[in-house]
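Participant: First residue of the sequence shown: 90, per this note's numbering; consecutive thereafter.
We treat Cβ as the ideally placed atom computed from N, Cα and C, and that holds for glycine.
Would you mind keeping the following structure in view while I ask a few things?
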Amino acid sequence: MHSVEVFRDIQAEATEWRRYLHQNPELEYRLQNTSSFVAGKLASFGINRIETGIAETGIVAVIQGASGDGPTIGLRADMDALPILEASNKPWTSENEGKMHACGHDGHTAMLLGAAKYLAATRNFKGTVALIFQPAEEAGRGAQRMVQDGIMDRYDISQVFGMHNMPGMSIGTFGIRDGSIMAALDEFDIIVRGRGGHAAAPHMTIDPVVVGAQIVLALQTLVSRNTNPTEALVVSVTRFNASQAYNVIPDTVELGGTVRTLSPVLRDFAEQQIKACARGIANGFGAEIEFSHRRLEPLTFNHTEQTRIASAAARILVGNDDLNDTIPPLMGSEDFAYMLQARPGAFIFAGNGSSAGLHNAAYDFDDEALPYGIGYWVNLVESTLAA
Ligand code: NI
Numbered sequence: 090m091h092s093v094e095v096f097r098d099i100q101a102e103a104t105e106w107r108r109y110l111h112q113n114p115e116l117e118y119r120l121q122n123t124s125s126f127v128a129g130k131l132a133s134f135g136i137n138r139i140e141t142g143i144a145e146t147g148i149v150a151v152i153q154g155a156s157g158d159g160p161t162i163g164l165r166a167d168m169d170a171l172p173i174l175e176a177s178n179k180p181w182t183s184e185n186e187g188k189m190h191a192c193g194h195d196g197h198t199a200m201l202l203g204a205a206k207y208l209a210a211t212r213n214f215k216g217t218v219a220l221i222f223q224p225a226e227e228a229g230r231g232a233q234r235m236v237q238d239g240i241m242d243r244y245d246i247s248q249v250f251g252m253h254n255m256p257g258m259s260i261g262t263f264g265i266r267d268g269s270i271m272a273a274l275d276e277f278d279i280i281v282r283g284r285g286g287h288a289a290a291p292h293m294t295i296d297p298v299v300v301g302a303q304i305v306l307a308l309q310t311l312v313s314r315n316t317n318p319t320e321a322l323v324v325s326v327t328r329f330n331a332s333q334a335y336n337v338i339p340d341t342v343e344l345g346g347t348v349r350t351l352s353p354v355l356r357d358f359a360e361q362q363i364k365a366c367a368r369g370i371a372n373g374f375g376a377e378i379e380f381s382h383r384r385l386e387p388l389t390f391n392h393t394e395q396t397r398i399a400s401a402a403a404r405i406l407v408g409n410d411d412l413n414d415t416i417p418p419l420m421g422s423e424d425f426a427y428m429l430q431a432r433p434g435a436f437i438f439a440g441n442g443s444s445a446g447l448h449n450a451a452y453d454f455d456d457e458a459l460p461y462g463i464g465y466w467v468n469l470v471e472s473t474l475a476a
């Protein structure tokens, strides 16, 4: 188990990889260049079991420890960028206009590559490491597809770990918590059917705009009046499409929005209550609704034992003061949740300093964070698979 100084040697090289990836961002499953870059580096480290083309452009690479048989643990990095026009003004700014590594997945990939290089050279562990490089975290549920592709069984992975950088947390700090760390993500659509007509004769209509407005307000009370104040629920109506004209009351309006929850009970509650509340209000005004609801991402739920292991690995790297093991959960979602449904594991945040926020056009991964991410992965492997 090491402090961060051990990984300074790899930092310069990992910085070059990170900046190359940043300059050449690709989206969703279409990561041909990224994937072949990663596979090429892995092969150059002397890793000889590399499976490419999983879920189109995903990769699993296997490193065997030098100290005999043991379990296999999975370490996951995401590789995809976002459809954003970059405004970072860095020398390594995106060369693919309209595509940008605005979530630091370039850094995540470089950190796991750095760990791969170190682990392949030292192999100071007993058992096997499966390095998982996944496509389509931002859109397309790449983690789910890799799980459906059978990687957990095929590689006999018994525990799985993930990491994400976090702007606003100092470089060299880590944050984690036991249990729910990121929210489940659902979307809903409500079509309100009234009866349209001339805007000068509202009494001849059932105005779905007014009904829709009542629904938007009423849904706020699911959070403020129906949910325990110590629990987290987000219900945001983000779409409201009505007439295009000034003098027409439309037949229908279409509402849509997002729901974020940290518990399965509240998730079920929100789905039922949004529908019941919208329907009750519409019926009260003589209108009807059509309701649809989609569960998009599961809760990212850290398992107790793996949270303890992850915390210990970070603590040895940076010391007790720079690990917060009770950070508040985030209401965003993360498709690593699918891997945590398949196997016990833990997801941790690593500080990205004072950079712009995630998904911001001015964001850039901070290369000073690289040795911390690399060190975390190595400590995690050497402690979980202690020789
Ligand atoms: Ni991300």
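Between which two residues does the alpha helix (DSSP H) carrying M235 extend?
Facilitator: Reading the sequence shown from its first residue, position 146 is the one you call residue 235. First-last of the alpha helix (DSSP H) with M235: 231-237.
Participant: Between the C-alpha atoms of P387 and I270, what's the straight-line distance to the nearest angstrom?
Facilitator: Locating residue 387 in the sequence shown gives position 298, counting from the first residue. Locating residue 270 in the sequence shown gives position 181, counting from the first residue. Roughly 11 Å separates the two Cα atoms.
Participant: The alpha helix (DSSP H) that contains D98, what's its start and end?
Facilitator: The residue labelled residue 98 in the question sits at position 9 within the sequence shown. It spans 97-112 - the alpha helix (DSSP H) in which D98 sits, taken as one unbroken run.
Participant: The alpha helix (DSSP H) with T123 in it runs from where to where?
Facilitator: Against the sequence shown, residue 123 aligns to sequence position 34. That run of the alpha helix (DSSP H) goes 121-133.
Participant: Would DSSP call N391 helix, strand or coil?
Facilitator: Stepping through the sequence shown from its first residue, residue 391 is reached at position 302. N391 falls in the strand class under three-state DSSP.
Participant: Cα-Cα, which of I370, G251, F277 is closest to T396?
Facilitator: The residue given as residue 396 occupies position 307 in the sequence shown. With distances taken between Cα atoms, T396 lies closest to G251.
Participant: Are the beta-carbon atoms of V467 and Y207 separated by less than 8 Å?
Facilitator: Along the sequence shown, one-based indexing puts residue 467 at 378. Along the sequence shown, one-based indexing puts residue 207 at 118. Taking 8 Å as the Cβ cut-off, V467 and Y207 qualify as a contacting pair.
Participant: Whole beta strand (DSSP E) runs in the region 123-207 with 3 or more residues, listed along the chain?
Facilitator: Complete beta strand (DSSP E) runs here, min 3: 138-143, 147-153, 161-167.
Participant: Evaluate T393 with the Cβ neighbour count: other Cβ atoms within 10 Å of its Cβ, from every protein chain shown; 16 or more gives buried, anything less gives exposed.
Facilitator: Taking the first residue of the sequence shown as 1, we reach residue 393 at position 304. Counting Cβ neighbours within 10 Å, T393 comes out exposed, since fewer than 16 surround it.
Participant: Could you give the DSSP three-state label for Q248: helix, strand or coil?
Facilitator: Here residue 248 corresponds to residue number 159 of the sequence shown, with the count starting at 1. Note: Q248 maps to strand in three-state DSSP.
Participant: Reducing DSSP to helix, strand and coil, say where H91 ends up.
Facilitator: For the purposes of this step, residue 91 is identified with residue 2 of the sequence shown, where counting begins at 1. The answer is coil: DSSP assigns H91 none of H, G, I, E or B.
Participant: Rounded C-beta distance between E423 and H253? I'm assuming under 8 Å.
Facilitator: Position 334 of the sequence shown, counted from the start, is the residue given in the question as residue 423. Position 164 of the sequence shown, counted from the start, is the residue given in the question as residue 253. Correct: roughly 7 Å between the Cβ atoms.
Participant: Can you tell which of I162, G440, F329, Q112 has the C-alpha that lies nearest to the C-alpha of Y244?
Facilitator: Counted from its first residue, the sequence shown places residue 244 at position 155. Per the Cα distances, I162.
Participant: Any heavy atom of the ligand NI closer than 7 Å to the Cβ of D544?
Facilitator: The structure shown does not extend to residue 544, since the chain is modelled only from 90 to 476, so the question has no answer here.
Participant: For the alpha helix (DSSP H) that F358 lies in, which residues bound it at each end?
Facilitator: Within the sequence shown, the letter at position 269 stands for residue 358. F358 -> alpha helix (DSSP H) spans 353-373.
Participant: Taking only three categories from DSSP, how would you classify D411?
Facilitator: Indexing the sequence shown from 1 puts residue 411 at position 322. Here D411 sits in helix by DSSP.
Participant: Which first and last residues belong to the beta strand (DSSP E) in which Q43 is found?
Facilitator: In the structure as shown, the chain starts at 90 and stops at 476, and residue 43 therefore has no counterpart that could be examined.
Participant: Following the continuous alpha helix (DSSP H) through N330, name the residue where it begins and the one where it ends.
Facilitator: On the sequence shown, position 241 is the one that residue 330 refers to. That residue, N330, is in no alpha helix (DSSP H); its beta strand (DSSP E) goes 322-330.
Participant: Using the Cα positions of L406 and G440, report the straight-line distance between them to the nearest angstrom.
Facilitator: In the sequence shown, the residue the question calls residue 406 occupies position 317. In the sequence shown, the residue the question calls residue 440 occupies position 351. Between L406 and G440, the C-alpha separation is close to 13 Å.
Participant: Flag this pair as yes or no: are the beta carbons of V348 and F425 separated by less than 8 Å?
Facilitator: Position 259 of the sequence shown, counting from 1, holds the residue named residue 348. Position 336 of the sequence shown, counting from 1, holds the residue named residue 425. Contact flag unset, no.
Participant: Less than 7 Å between C-beta atoms, sequence neighbours within five positions excluded: which residues of the same chain meet that for H194?
Facilitator: Translated into positions along the sequence shown, residue 194 becomes position 105. So the list reads D167, M168, D169, A170, E226, once near-sequence residues are dropped.
Participant: If you check the beta carbons only, do A458 and I260 fall under 8 Å apart?
Facilitator: Taking the sequence shown and counting its residues from 1, one reaches residue 458 at position 369. Taking the sequence shown and counting its residues from 1, one reaches residue 260 at position 171. Cβ atoms of A458 and I260: closer than 8 Å.
Participant: For the ligand NI, is there a heavy atom less than 7 Å away from the beta-carbon of E226?
Facilitator: Counting from 1 along the sequence shown, the entry for residue 226 is found at position 137. E226 Cβ: within cutoff of the ligand NI.
Participant: Cutting at 6 Å between CB atoms, please list the residues of its own chain near A155, excluding the five before and the five after it.
Facilitator: For the purposes of this step, residue 155 is taken as residue 66 along the sequence shown, with counting starting at 1. R212, listed in sequence order.
Participant: Rounding to the nearest angstrom, what Cα-Cα distance links L344 and V299 in this structure?
Facilitator: Your numbering for residue 344 matches position 255 in the sequence shown. Your numbering for residue 299 matches position 210 in the sequence shown. Going from the Cα of L344 to the Cα of V299 covers about 12 Å.
Participant: What does DSSP give as the partner residues of T347 in its beta bridges?
Facilitator: As a working note, residue 347 is residue 258 in the sequence shown. According to DSSP, which records beta bridges pairwise, T347 is partnered with E276, S325.
Participant: Is it true that the region 412-420 meets the region 286-294, where meeting means three or more beta-carbon pairs spaced less than 8 Å apart?
Facilitator: Touching, no.
Participant: For R384, which three-state DSSP category applies?
Facilitator: Here residue 384 is taken as the residue at index 295 of the sequence shown, counted from 1. Strand, per DSSP.
Participant: Report yes if the C-beta distance between V324 and I363 is below 8 Å; otherwise report no.
Facilitator: Position 235 of the sequence shown holds residue 324. Position 274 of the sequence shown holds residue 363. The answer is yes: Cβ separation under 8 Å.
Participant: How about M255 and I463: do their beta carbons lie closer than 8 Å?
Facilitator: The sequence position of residue 255 within the sequence shown is 166, counting from 1. The sequence position of residue 463 within the sequence shown is 374, counting from 1. No. Outside cutoff.
Participant: Could you pull out every residue in the same chain whose Cβ sits closer than 6 Å to the Cβ of A210, ignoring the five residues on either side in sequence?
Facilitator: The sequence position of residue 210 within the sequence shown is 121, counting from 1. Nothing listed; no residue qualifies.
Participant: Just to confirm, is the Cβ distance from L174 to G187 under 8 Å?
Facilitator: Taking the sequence shown and counting its residues from 1, the one referred to as residue 174 is at position 85. Taking the sequence shown and counting its residues from 1, the one referred to as residue 187 is at position 98. Yes. Within cutoff.
Participant: Could you give the distance in angstroms between the alpha-carbon of P224 and the alpha-carbon of L429?
Facilitator: Within the sequence shown, the letter at position 135 stands for residue 224. Within the sequence shown, the letter at position 340 stands for residue 429. Answer to the nearest angstrom: the Cα atoms are 17 Å apart.
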